[in-house]
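Written below as structure tokens is the structure these notes are about.
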Amino acid sequence: MLVEEECKARDESNRLLRLKLATFPVHKTLTGFDLSVSSISQVNFDYLASLEWLPEHRNLALVGPPGTGKSSYRASRKARTASGGR
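Converting from the sequence shown to the working numbering requires adding 9 to each position, the first position being numbered 1.
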């Protein structure tokens with residue numbers, strides 16, 4: 010029980026350190042992302058948010074007009090990856 014708690018605390022400490030070392034200018038998540046201002050479908054959004062494509066070493070190009078969430082998406086995925094969420 011104590012070892013389990015120690016492992017969880019160490020994992021959380023490592024996650025926070027990775028986020029700190031990444032020096033992201035802002036912290037973003039996809040919670041509350043407004044798909045109505047974006048041309049991306051819910052299916053594609055869910056696929057991209059899952060990061061299933063990452064182990065396949067595929068590139069992702071985010072293209073669109075200002076204010077459609079490209080930077081928010083990128084920042085949230087970097088934060089998730091840096092915190093060990095893959």
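Just so you know, even glycine gets a beta-carbon here, dropped at the ideal spot from N, CA and C.
- Per the C-alpha coordinates, the member of 27, 82, 26 positioned closest to residue 55 is 82.
- Taking a C-beta distance under 9 Å as the contact criterion, residue 39 and residue 70 do not qualify as a contact pair.
- With respect to residue 78, residue 43 sits close: the two C-beta atoms are nearer than 9 Å.
- The three-state reading of DSSP puts residue 70 in coil, since its state is none of H, G, I, E or B.
- In the DSSP assignment, residue 55 falls within the alpha helix (DSSP H) that extends over 51 to 59.
- Straight-line spacing of the CA atoms in residue 84 and residue 17 works out to 25 Å.
- In this structure residue 86 is buried. Its beta-carbon is surrounded by 16 or more other beta-carbon atoms within 10 angstroms.
- Its Cα nearest to that of residue 48, the residue 76 stands out among 67, 60, 66, 76.
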